[in-house]
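Engineer: In this note's numbering, the protein residues as written are 562 to 1195. Got a structure here, written out as structure tokens. Questions coming.
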Amino acid sequence: MQTTSAGPYTVPPMQSGPEIILSERLLEAMRHAFGAALPPDADPLLAVSKNPEFGDFQCNAAMSLGKAMGISPRAAAERIVSALNIDDVALPARIAGPGFINLTLRPEALASALDAMDDGALGLPPPPPGARETIVVDLCGVNLAKQMHVGHLRATVIGDALARIWERLGHRVIRQNHFGDWGLPIAMVTERVKRLAEAGRVDLDSLTLEDLEGHYRAAQRDCDADERGLRAVERFGLGPKADAEVRTQVEGAREATARARQALVALQAHEPGHVRVWERISEVTLAACFENCRRLHATVTREATAGESTYAHELAPLVEDLLARRVAEVDDGAVIVRLDEFGIKEPCLVRKRDGGFLYATTDMAGIRRRVQGLGADRAIYAVDARQSLHFRQVFAASKKAGYARRAGGSDATLLHAAFGMVLGEDGRPFKTRSGENVRLSDLIDEAIARAELAVAQKNPDLPADERRAVAEAVGIGAIKYIDLSSDRSKDYVFSFDRMLAFEGNTGPYLQYALVRVRSILRKAHLEQGIHEDSLGGPGRPGLLIAAPEEKTLALAALKFPATLRGAGEACEPHRLCAYLYELASAFSAFFAACPVLSTPDERVKRSRLRLCRLTGRILRDGLEALGLVPLERM
RNA sequence: GCGCCCGUAGCUCAGCCCGGAUAGAGCGGCGGUUUCCUAAACCGCAGGUCGCAGGUUCGAGUCCUGCCGGGCGCGCCA
562 MQTTSAGPYT VPPMQSGPEI ILSERLLEAM RHAFGAALPP DADPLLAVSK NPEFGDFQCN
622 AAMSLGKAMG ISPRAAAERI VSALNIDDVA LPARIAGPGF INLTLRPEAL ASALDAMDDG
682 ALGLPPPPPG ARETIVVDLC GVNLAKQMHV GHLRATVIGD ALARIWERLG HRVIRQNHFG
742 DWGLPIAMVT ERVKRLAEAG RVDLDSLTLE DLEGHYRAAQ RDCDADERGL RAVERFGLGP
802 KADAEVRTQV EGAREATARA RQALVALQAH EPGHVRVWER ISEVTLAACF ENCRRLHATV
862 TREATAGEST YAHELAPLVE DLLARRVAEV DDGAVIVRLD EFGIKEPCLV RKRDGGFLYA
922 TTDMAGIRRR VQGLGADRAI YAVDARQSLH FRQVFAASKK AGYARRAGGS DATLLHAAFG
982 MVLGEDGRPF KTRSGENVRL SDLIDEAIAR AELAVAQKNP DLPADERRAV AEAVGIGAIK
1042 YIDLSSDRSK DYVFSFDRML AFEGNTGPYL QYALVRVRSI LRKAHLEQGI HEDSLGGPGR
1102 PGLLIAAPEE KTLALAALKF PATLRGAGEA CEPHRLCAYL YELASAFSAF FAACPVLSTP
1162 DERVKRSRLR LCRLTGRILR DGLEALGLVP LERM
């Protein structure tokens, strides 16, 4: 489903620094070597070498080019290399294997590329005004009178990370928390709470979300009669007693459902008594939601929250509009939008036979509001992968209806950033032992408690209040990172032990790498009077890239801008995670092999301090783009 | 029945969009490193029919087809 239309602005190719130069030079050489015979779409196919013995970059164009030119790949490579002019940036090119062209950067070229990147924006300046997009990110998606659970964790953490990444890329981001506050189930709980409040059995002022969840379940139970049981009793003749029991139950449920329907009608008519109760329930739910999000360090606010109820009045006219313009048609009493021209066999149902609307209707109104109201160039939905068909339908139907059309006339990019399930260590959906959903707040509590134990053990000298703050940042970082670090479309296994082991590709490992950077820079200032600010700006010391660990670190640092753009474009935060882990690993190796503060050579010391500072800035930037808290100490 | 997603080391995962050299990490196992900037670290060793079978290609974990296994979904719930 993914991208269903291209945006008007394309993000620049995923290249930066020396790659651009090498690519250009190679292309020049190819033109020079083959002249008019060179296919117009010829590409140097530059890639980072996997193995250091093959140099830093490799050009893979000669193999296919040789084929196209009718010469051997090695001959093609030789012709390219002999026309290649790269002496200013790289060592002489070497041809290897079937026709790989291996390139190794000159240390000073690497240093100068790194120096160019080490500016205020770390190689990611804001886009020019014409290329600045408005991105609407749908996230969180809580439901009225219900606790947040692991499912909301992903919608919140991934959605927030995508929002942060796009913000970091310089675009205008609007978050939308699509709040499930409308419909029959909502009316059910509202009716029950109102009735109990009037009977003096519920105090609206002291209502908690736990209470509400109980009422929600009770209301649902009341309405959820065993209709099938009744049929079974009738069919198998289980006796008058069973028959009467089931009949009474079903009758009660029908009554409860009827009351809920009346409550829904009252809510739709803005009857003050019902509305007051409903608003109170809504308040309690959202307060808990915002508190969870605050603890998660995810930006979800009241301003960014739009309940389904805010679309309620738009639905009838929307369907009428679809019918009037023949986008939709009546089928078996229901209103549907056919989507065969989009390759979707299942039509999108927008009005039931009984006149009621469906969530597809609301979501179409949502797309219209995002694109035509909020001005979205892209609308991104961080929602469970099980909704894939639903979003394909809604996106297609919205395009067919013209609701995704922007002021410029082209359609906005609509993307379902689908995510998989959270599994327990047994490989089954993550639940408590009794089979209940795990509450998000419990998950957060446990992660922080476990992190606090670890912090107390590893760094007992940390003052208690800082320990608490570090434990929060680390515990929550661990939860968020494990969620963000694997391909979002896949299920992943939730394990406190693994995410808090602080080894390998984890949030704490990244935070720790930054702490080590900060520690060096702090000591440089306190013990040697070298202020961090002296390492940047016009009078900054030069970069000397000599040791292999320095080189690996420098090459890793250079990949930051392209990686962040790629992660945004694909809406895949795990790319940024993998990159930051690579950078942190490179730094750790550098840290172990290259002394900084004790280096006698002042120029080497300053150069290494600059490498530390740059690494720290990228780590901080990256952690913030993921929604993890950077730390000074841990 | 149809559709979508997934299948890579004992375990947890990258790599697949856009095909390139001996398929990478982490955990776990084994062995090393601390008079030195946070060892929550670093270095090394062992460990893989990339689900199976065809096909395309000079070259396939990556692209195409079929199959097997697992998950999810498929108008009148959201």
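Think of the CB as a built atom: it goes at the ideal place given N, C-alpha and C, for glycine as much as any other residue.
(1) Mapping DSSP to helix, strand and coil, what is N853?
(2) If T846 and A716 are in contact, beta carbons under 8 Å, what's the gap, nearest whole angstrom?
(3) Just checking, does the stretch 919-933 make contact with the stretch 966-975 on the three C-beta pairs under 8 Å criterion?
(4) Inspect the beta-carbon positions of L950 and E986 and report whether they are closer than 8 Å.
(5) Please classify N646: is it buried, with 16 or more other beta-carbons within 10 angstroms of its beta-carbon, or exposed?
(6) Taking C-alpha atoms, which residue in G963, G904, R1169, E771 lies nearest to L883?
(7) Where Y942 and E890 are concerned, what is the direct C-alpha to C-alpha distance, given to the nearest angstrom?
(8) Given R531, which residues of its chain have a CB within under 8 Å of its CB, disregarding the five upstream and five downstream residues?
(9) For A629, count neighbouring C-beta atoms within 10 Å of its own C-beta (all shown protein chains included) and say buried if the count is 16 or more, exposed if not.
(10) Could you give the distance in angstroms between the alpha-carbon of Q948 and the alpha-carbon of V734?
(11) Between the Cα of V1016 and the Cα atoms of E1033, S610, T866, which residue gives the shortest distance?
(12) On the CB-based measure, 16 or more other CB atoms within 10 Å of its CB, does S959 come out buried or exposed?
(13) Which of the three DSSP states, helix, strand or coil, is assigned to V572?
(14) Measuring only the C-alpha atoms, how far is N612 from N663?
(15) Using a Cβ-Cβ cut-off of 8 Å (strictly less than) and excluding sequence neighbours within five positions of P668, which residues of its own chain qualify?
(16) If I follow the unbroken alpha helix (DSSP H) through L1113, where does it start and stop?
(17) Measuring CB to CB, does F1057 end up less than 8 Å from R1011?
(18) How should D742 be labelled, buried or exposed, when 16 other C-beta atoms within 10 angstroms of its C-beta is the threshold for buried?
(19) Evaluate S1196 with the Cβ neighbour count: other Cβ atoms within 10 Å of its Cβ, from every protein chain shown; 16 or more gives buried, anything less gives exposed.
(20) Counting only runs that start and end within the stretch 942-994, where is the beta strand (DSSP E) found for 3 or more residues in a row?
(21) Mark S767 as exposed unless 16 or more other C-beta atoms lie within 10 angstroms of its C-beta, in which case mark it buried.
(22) Got a sec? Which residues, its chain only, sit under 7 Å from H1135 by beta carbon, not counting five neighbours each side?
(23) Going along the chain, which residues of its own chain have a beta-carbon closer than 7 Å to the beta-carbon of R1178, five neighbours each way excluded?
(24) Using a Cβ-Cβ cutoff of less than 7 Å, which residues in the same chain neighbour L1192 once the five nearest sequence positions on both sides are dropped?
(25) Can you give me the start and stop residues for the beta strand (DSSP E) that I656 sits inside?
(26) Select from V807, S1159, Q954, A644 the residue whose C-alpha is nearest the C-alpha of R903.
(27) Can you grab the Cα-Cα spacing for the pair C1138 / Q737, in whole Å?
(28) Which whole-angstrom value describes the C-beta separation of V609 and F615, a residue pair presumed to lie in contact below a C-beta threshold of 8 Å?
(29) Please return the same chain residues whose Cβ sits closer than 6 Å to the Cβ of A817, not counting the five positions on each side in sequence.
(30) Less than 8 Å between C-beta atoms, sequence neighbours within five positions excluded: which residues of the same chain meet that for F980?
(31) Could you tell me the distance, in whole angstroms, from the CA atom of K1120 to the CA atom of L1001?
(32) Quick one: is T571 buried, meaning 16 or more other Cβ sit within 10 Å of its Cβ, or exposed?
(33) Using DSSP with H/G/I as helix, E/B as strand and the rest coil, what is R1083?
(34) I897: buried (16+ other C-beta within 10 angstroms of its C-beta) or exposed?
(35) Per DSSP, which one or two residues make a beta bridge with T695?
(36) Have a look at P1122, R725, G702 and flag the residue whose alpha-carbon is nearest the alpha-carbon of A1186.
Structural biologist: Taking the coordinates as given:
(1) helix
(2) In fact, because the Cβ distance is near 15 Å, the residues do not count as touching under 8 Å.
(3) yes
(4) no
(5) exposed
(6) G963
(7) 27 Å
(8) This structure cannot speak to residue 531, because the chain is shown only from 562 to 1195.
(9) exposed
(10) 23 Å
(11) E1033
(12) buried
(13) Caution applies to V572, whose pLDDT of 33 falls short of 50 and renders its modelled position unreliable; the value that the coordinates give is listed next. If DSSP states are grouped into helix, strand and coil, V572 belongs with coil.
(14) 11 Å
(15) L1105, I1106, A1107, K1112
(16) Note on residue identity: the sequence assigns Thr, not Leu, to residue 1113. From DSSP, the alpha helix (DSSP H) with T1113 extends over 1109-1119.
(17) yes
(18) buried
(19) Because the chain spans 562 through 1195 in this model, residue 1196 falls outside it and cannot be assessed.
(20) 974-977
(21) exposed
(22) L1045, S1046, S1047, D1048, R1049
(23) L683
(24) V1031, A1034, Q1072, L1075, V1076
(25) 655-657
(26) A quick correction: the sequence has Phe, not Arg, at residue 903. F903 has its Cα closest to that of Q954, out of V807, S1159, Q954, A644.
(27) 24 Å
(28) Contact flag wrong, Cβ pair sits at about 10 Å.
(29) D783, C784
(30) R715, A716, I719, A943, V944, D945, A946, R1049, S1050
(31) 35 Å
(32) Because T571 carries a pLDDT of 31, less than 50, the predicted location of this residue cannot be relied on, and no value is offered for it.
(33) helix
(34) buried
(35) R733
(36) R725
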